[in-house]
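One structure is given below, encoded as structure tokens.
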Amino acid sequence: MTYPIAAGRGDEAAGASYAGLFVRAERDSVLDQLVGRRFSGWVGPQQQSWVLAVASTAEGPVAGGRRPIEMLTAEVAAALATVALAVRVHRDRVLYLTGWHAGEHLGDYVSDPSVERPSGEVPVEEDPYGGLEVYGPLDTFPEPQGAWHAPAFATACGRPGAADDLGELLGETLDHDSVFESERLAQVLRLLGLPTWLVSAPSLPGDVPGGPSRADLVQLGAGRSGLGGRIGGLVTGLVRRRRR
């Protein structure tokens, strides 16, 4: 399988980091959850059954209580008894994906575990088919881990027929000299029927190419909107970065 470089992603976009969560629920319900958990970022409009919220930071806490994007996603999925997925892209070289259906964990995926812990052992989830070790040496697992969760991701998103294509896509080891992880992510989102404008998230708070207008976005800073939220978000962001 080959991945064409997406048009419009110039050299300035290389190395971008961003994170977001997709929730299958009504937007008002999603907003209530994010406000209550003091989320900082942008909440998009309703797109079919899904709402995408983009975090203001790709690393570390994105909500109150020092919640990272993965913890926040699990809590929102459980509270709304629905499907929610968290996505992180690190410097356009590593893709992280985790999903929840209510209180059920669908699985975790990382495209290159060696970048996650460059100086130690790499945590690897047991593969029910291949019998992978729980921990392994760094140079043993440079390839994607967790692609076997593709059927669970696809079924939860209402796209069971995409499981095989999704598994192949997630299992591919990319040549990062010519292909960015955002290219892979864009195809993953299309297969799952999710809003694809997350790959343009680095353009926020400006206009989002291929995404909603700024008027359709709700910006939250520590769970507050408006001027107070922007000021609170700046202060909270400084604190969260230090804690990270």
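Numbers given in our numbering equal positions in the sequence shown, counted from 1, plus 1080. Ideal Cβ positions, reconstructed from N, Cα and C, are used throughout, including at glycine.
Best match in the options for proximity to residue i [C-alpha to C-alpha]
| i | options | result |
| --- | --- | --- |
| residue 1155 | 1177, 1134, 1244, 1181 | 1181 |
| residue 1285 | 1143, 1112, 1296 | 1296 |
| residue 1273 | 1258, 1236, 1302, 1283 | 1236 |
| residue 1301 | 1099, 1115, 1108 | 1115 |
| residue 1157 | 1262, 1254, 1186, 1098 | 1186 |
| residue 1159 | 1258, 1283, 1109 | 1109 |
| residue 1145 | 1137, 1178, 1103, 1119 | 1119 |
| residue 1129 | 1264, 1164, 1140 | 1164 |
| residue 1256 | 1107, 1189, 1127, 1170 | 1170 |
| residue 1268 | 1194, 1117, 1189 | 1189 |
| residue 1103 | 1147, 1264, 1179, 1195 | 1179 |
| residue 1153 | 1133, 1139, 1137 | 1133 |
DSSP-derived helix/strand/coil call for residue i
| i | result |
| --- | --- |
| residue 1288 | coil |
| residue 1172 | coil |
| residue 1256 | coil |
| residue 1107 | helix |
| residue 1304 | strand |
| residue 1184 | strand |
| residue 1226 | coil |
| residue 1233 | helix |
| residue 1295 | helix |
| residue 1210 | Caution applies to residue 1210, whose pLDDT of 41 falls short of 50 and renders its modelled position unreliable; the value that the coordinates give is listed next. Looking at residue 1210 - three-state DSSP - the assignment turns out to be coil, as it is neither helix nor strand. |
| residue 1101 | strand |
| residue 1251 | helix |
| residue 1177 | strand |
| residue 1095 | coil |
| residue 1273 | coil |
Buried or exposed by the 16-neighbour rule on C-beta atoms within 10 Å, applied to residue i
| i | result |
| --- | --- |
| residue 1328 | Residue 1328 is absent from the structure shown; the chain starts at 1081 and stops at 1324. |
| residue 1294 | exposed |
| residue 1162 | buried |
| residue 1303 | buried |
| residue 1253 | exposed |
| residue 1095 | exposed |
| residue 1213 | Confidence in residue 1213 is poor, its pLDDT being 39 and thus under 50, which makes the residue's placement unreliable; the coordinate value appears in the next sentence. Under this definition residue 1213 is an exposed residue. |
| residue 1172 | buried |
| residue 1262 | buried |
Proximal residues to residue i (C-beta, below 6 Å), its chain only, five neighbours per side dropped
| i | result |
| --- | --- |
| residue 1234 | 1240, 1242, 1243, 1246 |
| residue 1277 | 1288, 1290, 1291 |
| residue 1266 | 1276, 1279 |
| residue 1192 | 1174 |
| residue 1105 | 1160, 1162 |
| residue 1107 | 1126, 1131 |
| residue 1176 | 1168, 1190 |
| residue 1232 | 1186, 1187 |
Own chain, CB closer than 7 Å to residue i, minus 5 neighbours either side, in chain order
| i | result |
| --- | --- |
| residue 1251 | 1224, 1227 |
| residue 1230 | 1243, 1246, 1247, 1250 |
| residue 1149 | 1099, 1101, 1135, 1142, 1166, 1168 |
| residue 1113 | 1156, 1159, 1160 |
| residue 1147 | 1117, 1141 |
| residue 1222 | 1192, 1194 |
Contacts around residue i, its chain only, beta-carbon distance under 8 Å, and the 5 residues preceding and following it disregarded
| i | result |
| --- | --- |
| residue 1298 | 1111, 1122, 1123, 1305 |
| residue 1283 | 1289 |
| residue 1271 | 1234, 1239, 1242, 1245, 1246, 1249 |
| residue 1195 | 1170, 1173, 1174 |
* **beta strand (DSSP E) segments (min. 3 residues) lying fully within the stretch 1126 to 1170** => Complete beta strand (DSSP E) runs here, min 3: 1130 to 1135, 1163 to 1170.
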